[in-house]
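Protein chains in written order, with the numbering used here: chain A, 121 to 447; chain B, 11 to 451. Glycine is no exception: its CB is placed at the ideal position from the N, C-alpha and C atoms. Keep in mind that this is a model prediction, so the values were computed, not measured. Please read the structure below before turning to the comments.
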Amino acid sequence: MIDWIQIFSNAAQELISPTTAAYALAALGLAIHFGYTGLLNFGQAGFMALGAYGYAISILSFGFPVWGAVLIGIAASVVFALILGIPTLRLRADYLAIVTIAAAEILRLTFTTNTFADITGSASGLQGYKGGFADLNPIPSGTYGFGPFTYNAYDWWIRIVGWGLVVLLALVTWLIMRSPWGRVIKGIREDEDAVRALGKNVYSYKMQSLILGGVYGTLGGMIFILPRSVVPANYQTSLTFFVYAILLLGGAATILGPVIGSVIFWVLLSFFSGFVARAVEAGWLPFMSQVQAGQLRFILVGIAIMLIVIFRPQGIFGNKKELAFVK
Amino acid sequence: MEPTQSVAKRSPRRWLVLLGILLSALTLSGIAASPAMADTVSTEDSTEEFEYFFTGNVTFDDEPLEGVRITVEGADDFEAETETDAEGRWRIGVPEKGEYELTLDEDTLPEGVVVAEGQATITSEFGLTKLKAVNFFLGEGQRTTTDFGAQVLIRFINGLNFGLLLALAAIGLSLIFGTTGLSNFAHAEMVTFGALMMLTFGVDLAFPIWLAIIIAIVLSAALGWTLDAVIWKPLRRRGVGLIQLMIVSIGLSLAIRYIYQFIYGGSTRQLPGATLASDIHLGPVSMSWVDLASMITSVVVLAAVAYFLLRTRIGKATRAVSDNASLAAASGIDVDRVIRIVWVMGAALAGLSGILWAYFRPGVSWDMGFQILLLIFAAVTLGGLGTAFGALVGSIIVGLFIEMSTLWLPSDMKYVGALVVLILVLLFRPQGILGRRERIG
Numbered sequence: 121m122i123d124w125i126q127i128f129s130n131a132a133q134e135l136i137s138p139t140t141a142a143y144a145l146a147a148l149g150l151a152i153h154f155g156y157t158g159l160l161n162f163g164q165a166g167f168m169a170l171g172a173y174g175y176a177i178s179i180l181s182f183g184f185p186v187w188g189a190v191l192i193g194i195a196a197s198v199v200f201a202l203i204l205g206i207p208t209l210r211l212r213a214d215y216l217a218i219v220t221i222a223a224a225e226i227l228r229l230t231f232t233t234n235t236f237a238d239i240t241g242s243a244s245g246l247q248g249y250k251g252g253f254a255d256l257n258p259i260p261s262g263t264y265g266f267g268p269f270t271y272n273a274y275d276w277w278i279r280i281v282g283w284g285l286v287v288l289l290a291l292v293t294w295l296i297m298r299s300p301w302g303r304v305i306k307g308i309r310e311d312e313d314a315v316r317a318l319g320k321n322v323y324s325y326k327m328q329s330l331i332l333g334g335v336y337g338t339l340g341g342m343i344f345i346l347p348r349s350v351v352p353a354n355y356q357t358s359l360t361f362f363v364y365a366i367l368l369l370g371g372a373a374t375i376l377g378p379v380i381g382s383v384i385f386w387v388l389l390s391f392f393s394g395f396v397a398r399a400v401e402a403g404w405l406p407f408m409s410q411v412q413a414g415q416l417r418f419i420l421v422g423i424a425i426m427l428i429v430i431f432r433p434q435g436i437f438g439n440k441k442e443l444a445f446v447k
Numbered sequence: 011m012e013p014t015q016s017v018a019k020r021s022p023r024r025w026l027v028l029l030g031i032l033l034s035a036l037t038l039s040g041i042a043a044s045p046a047m048a049d050t051v052s053t054e055d056s057t058e059e060f061e062y063f064f065t066g067n068v069t070f071d072d073e074p075l076e077g078v079r080i081t082v083e084g085a086d087d088f089e090a091e092t093e094t095d096a097e098g099r100w101r102i103g104v105p106e107k108g109e110y111e112l113t114l115d116e117d118t119l120p121e122g123v124v125v126a127e128g129q130a131t132i133t134s135e136f137g138l139t140k141l142k143a144v145n146f147f148l149g150e151g152q153r154t155t156t157d158f159g160a161q162v163l164i165r166f167i168n169g170l171n172f173g174l175l176l177a178l179a180a181i182g183l184s185l186i187f188g189t190t191g192l193s194n195f196a197h198a199e200m201v202t203f204g205a206l207m208m209l210t211f212g213v214d215l216a217f218p219i220w221l222a223i224i225i226a227i228v229l230s231a232a233l234g235w236t237l238d239a240v241i242w243k244p245l246r247r248r249g250v251g252l253i254q255l256m257i258v259s260i261g262l263s264l265a266i267r268y269i270y271q272f273i274y275g276g277s278t279r280q281l282p283g284a285t286l287a288s289d290i291h292l293g294p295v296s297m298s299w300v301d302l303a304s305m306i307t308s309v310v311v312l313a314a315v316a317y318f319l320l321r322t323r324i325g326k327a328t329r330a331v332s333d334n335a336s337l338a339a340a341s342g343i344d345v346d347r348v349i350r351i352v353w354v355m356g357a358a359l360a361g362l363s364g365i366l367w368a369y370f371r372p373g374v375s376w377d378m379g380f381q382i383l384l385l386i387f388a389a390v391t392l393g394g395l396g397t398a399f400g401a402l403v404g405s406i407i408v409g410l411f412i413e414m415s416t417l418w419l420p421s422d423m424k425y426v427g428a429l430v431v432l433i434l435v436l437l438f439r440p441q442g443i444l445g446r447r448e449r450i451g
């Protein structure tokens, strides 16, 4: 028989899981790029990888403290954004898409290659960087919580930091999008030439937006690795596509959209995979194996992306007037 | 995970310390120190689970040779490699008791030492034990393959072959972009589709090869027709924006790719004739007749496409639509029909490219098209988005660049070079090699 309680409690755990927070951060960054500025950044996985590797390598290879490692990660992503932006921000949107996707792959391949195995751990990745972060934990050790939300002190610490960051950055985003800077950014999305005619340096604004959203993605990448290890295979192009699915689900040009989108995405995905896996176990779906049940979710994500973009391009929370797909 | 490799270049003393630590770690954990490097990320490389081992000793004149690379290849696309330690010993774990091909990389041998003629690759099987000793016989001599000029020639031919098959896929992508403005990320899945159909008909249903190829290409063309009829034409009618269309194609790509995995599983399988011996020798280059046939096919088909675009009415109409769709429509060209033809042709070319790619890799797997999608995009962008002949030039440059770069770059970095070149070209000539300035605006 199907263990419904287990399925629901697994799905409920995704509500506050650090992974959900990490994706929410990455999606928030993408909202700045795509939703507000209209930049087609398909390299968010690269920014996340820089956060993950920047943090882990600073600690493992150079023995940096946590704050130093975070700064290194952010600095790396700023440099990455500059390298991406300089050749492409003057060109048409799809050039940025191709260059960012290529750059993210360059990063992943560089992290995967055996040539730098001493530093990057090549395909098996890195672990053992969590000590410094765990030492900052003010929560006395023990187990806290109720029901499905029972975690030890370290797990709570990750969740508090992760979601704290989400709330903080959502607030920051809300404030800057109301500021004159945000109005220029939205103007660029609507009509670049009009903004240029007003004497604004569109190129520079786009670059600032690319850097800012990239830093969000980098911070997301750091939260992402705290409950697990750094594995280069996690930073494939599909990661970017998942973040896009979250963003489009919630609404591209909204603050709450990426956050709620991430929660909905992960809860539904967990519920669905849990249900299908158990249903296969119970023999309800005789044509499917356990492995196939695991692949079904990717098929569903793909179809969901298509349907949202076609039938509700503004997402759940979006406003049809504020659409990033103007061109 | 990969101690034997990472320490190869260090000084001997640190080496010994590390070796000591390593050995004690080994005895403690009982885990083998053989690095398993799968070439695709989807394959799990869990050395700890392996219980079967190949082992051996590489010595020359009773002197152990350090840092000699040994690779092992087996069923299901399994690949692993290791290097000999200071005592010339090596050891590789493999997942199952089966037949494996072990290769000693001659380039890693010291100057003046070679493997005995024809012995660099040894096929070996396990006996009753879980450990199998494999020995390579070394001798003095000069290798012919180390000759740099010959290496360049071999890489050049390989690169040309790869570039030509990329071109088949890239031309379709470029024409679709030119006529509809869509950056079709699902093109990769059309490439995979050809190979999968070939696998289904050529291997599972055991049709003769030529028939299986024809069926695979016809079905690919049918896929292109269906995609346009079911998805893209209705979306064009709705007036959906280009960026929306692009994201739809990303969703489609994700869905189709995992449907392939759902149906065909995650393993890599071989097409008939993929493992033929390389018995055609042209100077230092030796290739199998499949390689040769692959190149000839690409050239013939590309020439046919060029003829179609330059000389036939429909081909001219295609270029007209690609240049300016509204003007073409105004002068009486049925734009929707041209787009339909482009989709069918693009899909058929992509399917053929998939079959050739399956022979080039070699192997058919669910994500094989996605592995070269970025290279196809790079080729199209290099040549100039939307120009068919630009795609051809771009593909050949990308193919040559990737293969030639392995002369200097480690082979797992070869795609990096091509992608870096893409970014550099955009920096200096954003319209691509054959593109026109106004397209980039």
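Using a Cβ-Cβ distance under 8 Å, would residue i count as near chain A?
i: S193 of chain B; result: yes
i: V78 of chain B; result: no
i: S16 of chain B; result: At S16 of chain B, the pLDDT of 40 sits below 50, so the modelled position is not reliable; the number obtained from the coordinates is stated separately. Answer yes: the Cβ-Cβ gap between S16 of chain B and chain A drops below 8 Å somewhere.
i: L436 of chain B; result: yes
i: M423 of chain B; result: yes
i: G404 of chain B; result: no
i: Y268 of chain B; result: yes
i: M426 of chain B; result: What sits at residue 426 of chain B in the sequence shown is Val, not Met. Answer yes: the Cβ-Cβ gap between V426 of chain B and chain A drops below 8 Å somewhere.
i: P218 of chain B; result: no
Taking the beta strand (DSSP E) that residue i belongs to, which residues open and close that run?
i: H291 of chain B; result: 290-292
i: A90 of chain B; result: 89-93
i: R101 of chain B; result: 99-104
i: V123 of chain B; result: 123-125
i: I80 of chain B; result: 79-83
i: A388 of chain B; result: Looking at the DSSP string, A388 of chain B is not in any beta strand (DSSP E); the run it does join, the alpha helix (DSSP H), is 378-393.
i: E135 of chain B; result: 131-135
i: G66 of chain B; result: 62-67
Taking CB distances under 8 Å as the criterion, tell me whether residue i reaches chain B.
i: Q415 of chain A; result: yes
i: I218 of chain A; result: yes
i: S324 of chain A; result: no
i: T232 of chain A; result: yes
i: F418 of chain A; result: yes
i: T208 of chain A; result: yes
i: R371 of chain A; result: According to the sequence as given, residue 371 of chain A is Gly; it is not Arg. Not closer than 8 Å to any Cβ of chain B, the Cβ of G371 of chain A fails to qualify, so no.
i: Y143 of chain A; result: no
i: L229 of chain A; result: yes
i: I177 of chain A; result: no
Looking at residue i and the ligand GTP, is the gap between the Cβ and the nearest heavy atom below 7 Å?
i: L319 of chain B; result: As far as ligands go, the structure on display features none, and thus does not contain the ligand GTP.
Quick one: give me the first and last residue of the alpha helix (DSSP H) that residue i is part of.
i: L337 of chain B; result: 335-340
i: E111 of chain B; result: It is not in any alpha helix (DSSP H) - E111 of chain B instead sits in the beta strand (DSSP E) that spans 109-114.
i: V408 of chain B; result: 398-415
i: M305 of chain B; result: 299-321
i: A360 of chain B; result: 345-370
i: L180 of chain A; result: 164-182
i: L141 of chain B; result: Segment 141-143 is the beta strand (DSSP E) holding L141 of chain B; no alpha helix (DSSP H) there.
Nearest to residue i by CA position, among the options, is which residue?
i: R279 of chain B; options: B:A160, B:A179, B:A143, B:Y369; result: B:Y369
i: T360 of chain A; options: A:L295, A:F167, A:G241; result: A:F167
i: I308 of chain A; options: A:V322, A:L295, A:L318; result: A:V322
i: V348 of chain B; options: B:S230, B:L429, B:W235; result: B:W235
i: L383 of chain B; options: B:S405, B:R323, B:G188, B:P105; result: B:S405
i: V213 of chain B; options: B:G283, B:G293, B:E116; result: B:G283
i: D71 of chain B; options: B:A303, B:F147, B:T92, B:A357; result: B:F147
Could you check how far apart the C-beta atoms of residue i and residue j are, in whole angstroms? I think they sit under 8 Å.
i: Y270 of chain B; j: L206 of chain B; result: 6 Å
i: G334 of chain A; j: Y143 of chain A; result: Not really, about 16 Å apart at Cβ, beyond 8 Å.
i: T328 of chain B; j: L320 of chain B; result: The Cβ separation is near 11 Å, so there is no contact.
i: A506 of chain A; j: L291 of chain A; result: Because residue 506 of chain A is not part of the residues shown, which for chain A are 121 to 447, the question remains open.
In the region 179-263 of chain B, which residue ranges form an unbroken beta strand (DSSP E) of at least 3 residues, counting only runs that do not cross its ends?
If we require 3 residues or more, the region 179-263 of chain B turns out to have no beta strand (DSSP E) run fully inside it.
Runs of beta strand (DSSP E) wholly within the region 263-341 of chain A (minimum 3 residues, chain order)
The region 263-341 of chain A contains these whole beta strand (DSSP E) runs: 263-266, 269-272.
What residue ranges within the region 336-392 of chain A form continuous alpha helix (DSSP H) runs of no fewer than 4 residues, ordered along the chain?
Correct list: 357-370.
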